[in-house]
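A.B. asks: Before we start, here is the structure in question, set down as C-alpha cells.
There are 4 protein chains.
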Amino acid sequence: MIKNNANFQVKLQEIFDSQHDLYKQGNVADYIPALAEVPANKMGVCVATIDGKVFGAGSCTTPFSIQSISKIFGLVMAMNRKGESLWQRVNMEPSGQPFNSIIQLEWEKGIPRNPVINAGAVLIADVLTSNFSASKLAFLSFMRKLASDDSIHIDKHVYKSELSHGSRNAALGYLMKSFGNIEAEIPDVLSQYFTQCSVAMSCNQLASSLLFLANKGIDPKSNEVICSPRDSHRVNAILSTSGMYDQSGEFAFSVGLPAKSGVGGGVIAIVPGYGVICSWSPPLNRFGNSVVGVNLVEAIAEELGLSIYH
Amino acid sequence: MIKNNANFQVKLQEIFDSQHDLYKQGNVADYIPALAEVPANKMGVCVATIDGKVFGAGSCTTPFSIQSISKIFGLVMAMNRKGESLWQRVNMEPSGQPFNSIIQLEWEKGIPRNPVINAGAVLIADVLTSNFSASKLAFLSFMRKLASDDSIHIDKHVYKSELSHGSRNAALGYLMKSFGNIEAEIPDVLSQYFTQCSVAMSCNQLASSLLFLANKGIDPKSNEVICSPRDSHRVNAILSTSGMYDQSGEFAFSVGLPAKSGVGGGVIAIVPGYGVICSWSPPLNRFGNSVVGVNLVEAIAEELGLSIYH
Amino acid sequence: MIKNNANFQVKLQEIFDSQHDLYKQGNVADYIPALAEVPANKMGVCVATIDGKVFGAGSCTTPFSIQSISKIFGLVMAMNRKGESLWQRVNMEPSGQPFNSIIQLEWEKGIPRNPVINAGAVLIADVLTSNFSASKLAFLSFMRKLASDDSIHIDKHVYKSELSHGSRNAALGYLMKSFGNIEAEIPDVLSQYFTQCSVAMSCNQLASSLLFLANKGIDPKSNEVICSPRDSHRVNAILSTSGMYDQSGEFAFSVGLPAKSGVGGGVIAIVPGYGVICSWSPPLNRFGNSVVGVNLVEAIAEELGLSIYH
Amino acid sequence: MIKNNANFQVKLQEIFDSQHDLYKQGNVADYIPALAEVPANKMGVCVATIDGKVFGAGSCTTPFSIQSISKIFGLVMAMNRKGESLWQRVNMEPSGQPFNSIIQLEWEKGIPRNPVINAGAVLIADVLTSNFSASKLAFLSFMRKLASDDSIHIDKHVYKSELSHGSRNAALGYLMKSFGNIEAEIPDVLSQYFTQCSVAMSCNQLASSLLFLANKGIDPKSNEVICSPRDSHRVNAILSTSGMYDQSGEFAFSVGLPAKSGVGGGVIAIVPGYGVICSWSPPLNRFGNSVVGVNLVEAIAEELGLSIYH
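Residue numbers (my numbering), protein chains in the order written: chain A, 1 to 310; chain B, 1001 to 1310; chain C, 2001 to 2310; chain D, 3001 to 3310.
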C-alpha cells in the first residue's frame, strides 16, 4: 500500500526508468498495419486508487489503441443489458488456447469459452449490436462517462485497418452464426467489434475508467453504480483466469491480480479494494502481451505488496 | 470474517443442514470400484483459521479418500526439492480441457499444462519417485507432519482399485515418457501417484494441513516454514485458475477462492490471510466436483464475505 | 461386364426395384430448406459406358441438385487452368474428418486436405472466380458441353437457400483468407461455390458428363480431350480416398470404385476403362451419403464384377 | 504389362541404377537405435507376378526389418480368425493424421481409424494375443508359409530395441485399454506387436508372400486359399487409402496402387490381377516412407502401365 504519496511518486519514476530499455525485447504488433506504425519506445504508466489518488510516469496521458482491453467494457455493458441469460451464450472458463482459436469454438459448438477471448468478444459485440439502437455510440458514451472525458474517440485509421484485416474474426463470427449463436449480421457485428477495439485512451484515462471494478461496481469518482457487486466480482474472476491470453497462468503466478492486455501494448490490472494499475508500451512478447507493460505491473504490485493470492 | 465463535458454529450447522439433501443431485464416482462403495449420504465440513480456531459439522472427523487434493501436497514437495527447474517440465497455465486430456498433452509435446491436471500430477509423481529415496514414505510423512497426526495412512483397498483401473493415467505417463519428460519407470511412477491419491484424511485434518497456504507458507500451528511465500502464492494462483477441473472458471465466478477438489468428494478452499475451508460429500457433478462440497464452500464464503475478487 | 444388353436392362430394373423401399432408412438433407422440399421417394439410376451404351431405371431423366458432385467439375476446370501450381494451395490427402471440418483447416494453416472436402471446394471456387472473367458462366458452359445438353441450368431456388444458410462455408472461406490462401472476396467466392452446387442434372446427364474420367481424360462421345490422362488419374485417385465423405474407406471396402456423393442424394462412381454409374435418392445416411444411392452402386458393381481392388 | 522377360530384366536394372543415388535425400529411421545401424546405401527391388515370374535387382535377397509391412499379415490373420466382428473394434477409414496419432484415438473413443495406423496395428496384435495360444509362433509360421521359406526369423536385436523405445505405442495401447478396447495385458500386446515388426525378410520374400492379395486371396504358388476374395479386396482397399502414412493420397496420385511401407525402408505395392512390387532402401522422407522405395515403385508402375485409377 502507498504510505507516502511523494515517496511513491519517486519510486514509480524509478521503476519506470529501470524498465525502459526492455521494450527492445518485444515486437510491435503488425497484424494490422495501423498498429505497426506506433513508435516502439513510447511508454507510460498510471496508478489510480479508489480514494482518489493518481500517480503517473512517462507518456501516461498519451492515447493509444486500447484493443482487447475494450473487451472488459463491452462485457460490462452486455451483462447489464442481458443479465443471467448472457451466460447461456458464452461460458466463463479459461480457454487453454490461443486467443483466436477456432478449434475450441468448433468443439464447443459455437459457445465461446469466455468473453475475453476473441470469439467471446465477437459474441459480446453481437449482443450490443442486437440490443442497443445505436450500439457504437452507446459504447463510446459508456467509455466517456467512465473516464469523465468527452474527448475520448475512435481512431478511424486503426478501425479501417482492422476492418481490412479481419478475416479470422469473420471466420469466428460465421462459425458461431452457423451454430445459431449470433443474431445480427456478421459485417455489423465486426463493425461494432472493431469500433470497440479502436477506441484510443491514455493510461490515466483507462485506470480511472476501471476503478469501479476495484470498488464492487461503484465508480468512486461519482458514486454511480456501474454494475452490481456480483458482476464486478465476476469480471475480476474472468480477468484472473483468462485476461492475459495464454500467459494468464504465468501472470497469476508472478503478479496475482485480475488483468487484461491489448495488442496495442496496454495492460490494466485491478487491485480489489484498492485501485487500478495501467501500463503501456507497444512491443509484445510471444503471447501478445506488452513486454514492458507486464514488467511494470509486476514491479509496482511487488513494491506495494498487492496480490490476491497472499 | 467470524465475529462470534458460538454464533458462527450455529450458522455453520444451519448451512450444513440446509445443504444436506442436495447430495442426491450427484453421482458417486464409479471409475474405480473402491470409491463407488462409499455411502452417498456421508457429509462433513470444517473451517480452520490461521489463528487457531476450528469449526466443524457433520462427519468432519471421518477419513475419506483425498484423491486429487493430494496433488497440492505432491506439488509443494516437488517445488521444494526442484526449485525453478520444475517449471521446465510442467507449465502453469489453465488447461481448458478435461482433467485427463491426452489431446492437449500431445499438442504440447509432453509438457502438462499445469501440475493439477492428471498429466501434471503424474509428472510430479515422477519427480518425487526420482528424487526421494523412499518417495511414498516421504509423502506420507509430509502429510502426517502437516496434519500433526501420525495415524494418517494409505487406504490399500483404494490403492489396489486405482492400480487395476489406471490405464488412462498409464497412457498419459507413457506419452510423456515418449517425449522424454519422465525419468522413472512408469509402473513406479503410477504406484507413487496412486499412493498419493489413496491417502485417507478427514475434513478437519485436510483443513489443518493446508493452513500454510493461507499463511504465506508458514504452518501457523508450528511456525514451521513449509514452503516459501513465493511458492505459497504460486500454489494459490494455480488452484484459482485450475483447481476445480473444467468448472474452475465457474467456481471463481461464484466463490472466488483458490480451491481443489477430488473425486472422493472432498473440496478444499484457501482463504489467503485467513484460513481453510474443507467440505466432503461423495456424489459428484458432471465436472467431477462434489455437488454438496461446492455448495458448502460457496455458502460459507458468502456468509463470511470471503473472496479474493472483491 | 455387360454381356447382353437386354438382359442387363432387366437386371438393372430388378436391382432398382429391390432397393426402392430402403429410402425410408435415410433422412432428406435439411441443412438448407430448398433441399428439404424434394420428395423422399424419388429415385433413379443410370449406367453409361465409354462404348456408348446407356441403361437407366426410375427417374433417371429427372434433374436434381448435384451439390458436392459439382466439386469434380470445378476441380477439373481448376487443374486445367492452373496446372501443378494448384497443388501448392490444396493438398491431396484423405481428411479423416467430417466434410466441413474447420479444425483440420486450422491445423494445416489454411491448406485444405483435398479439393473435395468443403474447404477445398471453396478454394477451388476461388481459383475459378479469380482466373475466369465470367466464372459462373464458364462453369455452366463446361457442364453443358460435357453433358451435350444446353438446357442444364442453375436451380435459383436452391442457390438462394444455400446463400442464406452458408455461414459455415463462410467461416471456412474467411479462415483460409486469414492464412492468405484466398485471392477473391469471400462473398464472390461463395456465390461461385453455391452456383456450382445448385446446378440441376439428371442421372443420365451426370453419367454421360463423367465418361471422360473412365477414359483417360477423353470424352468418348466427342473424342475431345477434357483433361490430361495424368489429371484424370489424379481425380480418380482423390475420389477413391476421399469422395464419399467420412464413409470413403467403407465404400472402398464394399464397392471399390472412385466415387462422389452430394447431399442432394446423388452418387456417381467411375469405372476406369469402362463407364460411369450414377444413382439418385434424396434420403441420406449419417455420413451425408444417399442410402439407396450407395446401395444401388454397390449392387450394380457387384453384378458386373466392377472393382479396382480385385 | 511385361511383354518380354529379358527386356524387362534389363529395364528393371536400368530403373534401379538410375535411382540409386537418391537415397542421399532421405534419413535412416533413428527412433530405435537398431534401425539406425543399417547402412543407408543398401537397396533392392523385386517384381513377382501371379503367373510365377520373379525379377530382381540390387540386394533383393537381403533380409531387412519389415516393420509396418507386417501390419498386412497381422490384419489377414485377425480377419480370418474374427470375421466381421473385427470391424466393431477397428474402423476402415483413412486417418488424415500421422501414423501414431493419439489425438484421433481419443476423439474416436479408443476405436482406431484403420488397422494400418499404429493404434490399429496394436489392436490387431491384441486380437492375435488373445485368440491364438502361441500367437508369436503363429505369426512366424504364417510368414514362413506365405514365403515358402522356413528360415524367416525374428531379428532379436531389433525386437529388443523396439521394446525399450516403445513408450508411444504403450500410450496408444493403454488409451485403448482405458476405453475397454484391449483384452490382453499391454506388455503382452506390445511384445506381440514388436515381434511382428521385427521379422526380417528380403524383397523377394515379401513380394512372393503377398501374391495372394493380387490373386483374390489365393496364393498362386500353392493354390491355397489365404483369405476370402472379399477380405483380399478389403485389404487392398485399406492399403489404397491408408497404406503410405500421411502420403497415401499423394502416392495414389502419382502411382495408384495399394501399397504399404515400413520404417525399415521397405515398400510393397499390390497390382490386382497381376503381381507384387517390393522395394527397399533405408533412408526415409518426412512422411516415414523410403525415398528410393517410393520412386522405384513409381517408375516400375509407370514402365508397366500399372495403376488402378486408369
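Note that the Cβ used here is the ideal one computed from N, Cα and C, for glycine as well. Nothing here was measured: the structure is a model prediction, and the numbers come from that model.
If we count the other Cβ atoms within 10 Å of its Cβ and call it buried at 16 or more, is S164(A) buried or exposed?
C.D. replies: It counts as exposed.
A.B. asks: Would a C-beta distance cut-off of 8 Å place H2310(C) and H3310(D) closer than the cut-off?
C.D. replies: For H2310(C) and H3310(D), no; Cβs fall outside 8 Å.
A.B. asks: At least one CB of chain C closer than 8 Å to the CB of L175(A): is that the case?
C.D. replies: With 8 Å as the cut-off, L175(A) counts as an interface residue toward chain C.
A.B. asks: Locate the alpha helix (DSSP H) running through L1195(B), then write down its first and last residues.
C.D. replies: Note on residue identity: the sequence assigns Thr, not Leu, to residue 1195(B). Per DSSP, T1195(B) belongs to the alpha helix (DSSP H) from I1186 to C1197.
A.B. asks: Sorted by chain position, which residues of the same chain lie with C-beta nearer than 6 Å to S3130(D)'s C-beta, five sequence neighbours on each side aside?
C.D. replies: Closer than 6 Å at Cβ, skipping near neighbours: E3183 and A3184.
A.B. asks: Could you tell me whether any Cβ in chain D is nearer than 8 Å to the Cβ of Q2104(C)?
C.D. replies: Closer than 8 Å: yes.
A.B. asks: Assign I182(A) to one of three DSSP states: helix, strand, or coil.
C.D. replies: Three-state result, I182(A): coil.
A.B. asks: Sorry if obvious, but does the Cβ on V2038(C) come closer than 7 Å to a heavy atom of the ligand ADP?
C.D. replies: Judged by which ligands are present, the structure shown has none, so any question about the ligand ADP falls away.
A.B. asks: Do you know offhand how far G1180(B)'s Cα is from E3162(D)'s?
C.D. replies: Answer to the nearest angstrom: the Cα atoms are 16 Å apart.
A.B. asks: Within 10 angstroms of the Cβ of R2230(C), are there 16 or more other Cβ atoms? Answer buried if so, exposed if not.
C.D. replies: Classification for R2230(C): exposed.
A.B. asks: Can you find a C-beta in chain D that's less than 8 Å from the C-beta of R2089(C)?
C.D. replies: R2089(C) does not count as touching chain D.
A.B. asks: Give the residues of chain A in contact with D1246(B), contact being defined as C-beta atoms less than 7 Å apart.
C.D. replies: By Cβ distance, chain A contributes E93.
A.B. asks: Kindly identify the DSSP beta-bridge partner or partners of S290(A).
C.D. replies: Answer by DSSP bridge pairing, in chain order: L284(A).
A.B. asks: Our contact map puts N143(A) next to F212(A) with C-beta atoms below 8 Å; I'd like the distance itself, whole angstroms only.
C.D. replies: Residue identity differs from the one stated: residue 143(A) is Met in this sequence, not Asn. Incorrect: roughly 13 Å between the Cβ atoms, too far for contact.
A.B. asks: Can you have a look at T2061(C) and say buried or exposed, based on whether 16 or more other CB atoms are within 10 angstroms of its CB?
C.D. replies: Label assigned to T2061(C): exposed.
A.B. asks: Any idea if A1134(B) is buried or exposed, counting beta-carbon neighbours within 10 angstroms, 16 or more meaning buried?
C.D. replies: Exposed is the call here.
A.B. asks: Are the Cβ atoms of V28(A) and V38(A) separated by less than 8 Å?
C.D. replies: Against a cut-off of 8 Å, the Cβ pair of V38(A) and V28(A) comes out as a contact.
A.B. asks: Per DSSP, which residues does T2049(C) bridge with? Please list them.
C.D. replies: DSSP lists G2275(C) as partners of T2049(C).
A.B. asks: Thinking just about the alpha-carbon of each residue, which of C278(A), V158(A), S228(A) and I102(A) is nearest to the one in S202(A)?
C.D. replies: Among C278(A), V158(A), S228(A) and I102(A), the Cα nearest to that of S202(A) belongs to C278(A).
A.B. asks: Measure the Cβ-Cβ separation of L3175(D) and R1081(B) and say whether it is below 8 Å.
C.D. replies: Not in contact: L3175(D) and R1081(B) (Cβ atoms no closer than 8 Å).
A.B. asks: Check whether the Cβ atoms of Y2031(C) and V2122(C) lie closer than 8 Å to each other.
C.D. replies: It is not a contact, given that the beta carbons lie outside the stated cut-off.
A.B. asks: For chain A, find out if any of its Cβ atoms is closer than 8 Å to the Cβ of A2078(C); answer yes or no.
C.D. replies: No, because no Cβ of chain A sits closer than 8 Å to the Cβ of A2078(C).
A.B. asks: By a C-beta neighbour count over all protein chains shown, 10 Å radius and 16 as the cutoff for buried, is G3273(D) buried or exposed?
C.D. replies: G3273(D) comes out exposed.
A.B. asks: Inspect the beta-carbon positions of E224(A) and G1249(B) and report whether they are closer than 8 Å.
C.D. replies: Contact: no.
A.B. asks: Output yes or no for whether 8 Å exceeds the beta carbon distance between L1172(B) and N1118(B).
C.D. replies: Yes, these two residues count as a Cβ contact at 8 Å.
A.B. asks: Go ahead and label G305(A) buried or exposed: buried means 16 or more other beta carbons lie within 10 angstroms of its beta carbon, across all protein chains shown.
C.D. replies: Result: exposed.
A.B. asks: When the cut-off is 8 Å and only beta carbons count, does S1167(B) lie next to chain D?
C.D. replies: By this cut-off, S1167(B) is an interface position.
A.B. asks: Can you tell me whether M311(A) is helix, strand or coil according to DSSP?
C.D. replies: Residue 311(A) lies beyond the stretch modelled for chain A, which goes from 1 to 310, so this question has no answer here.
A.B. asks: Would you call M2001(C) buried or exposed, if buried means 16 or more other Cβ atoms sit within 10 Å of its Cβ?
C.D. replies: Burial call: exposed.
A.B. asks: Tell me which residues share the same chain as Y1159(B) and place their Cβ nearer than 7 Å to its Cβ, disregarding the 5 neighbours each side in the sequence.
C.D. replies: F1194, T1195 and S1198.
A.B. asks: Residues in the same chain with beta-carbon distance under 6 Å from F3132(D), minus the five sequence neighbours each way, listed in chain order, please.
C.D. replies: So the qualifying residues of the chain are A3138.
A.B. asks: Can you pull the chain B residues whose beta carbon is under 9 Å from the beta carbon of S3070(D), in chain order?
C.D. replies: Per Cβ cutoff of 9 Å: no residues; S3070(D) is ~21 Å from chain B at best.
A.B. asks: Judging by CA-CA distance, which residue of S2261(C), I2103(C) and V2292(C) is the nearest neighbour of S2240(C)?
C.D. replies: For the residues S2261(C), I2103(C) and V2292(C), the minimum Cα distance to S2240(C) belongs to S2261(C).
A.B. asks: Note down, in chain order, all residues in the region 231-262 of chain A with a beta-carbon under 8 Å from any beta-carbon belonging to chain B.
C.D. replies: The region 231-262 of chain A vs chain B, Cβ under 8 Å: S232, H233, R234, N236, A237, I238, S240, T241, S242, D246, Q247, S248, G249, E250, A252, F253, G256 and P258.
A.B. asks: Which residues in chain B have a C-beta closer than 7 Å to the C-beta of S307(A)? List them in chain order.
C.D. replies: Within 7 Å Cβ-Cβ: H1233.
A.B. asks: With 8 Å as the threshold, decide whether the Cβ of N2295(C) is near any Cβ in chain D.
C.D. replies: So no, N2295(C) is outside the interface.
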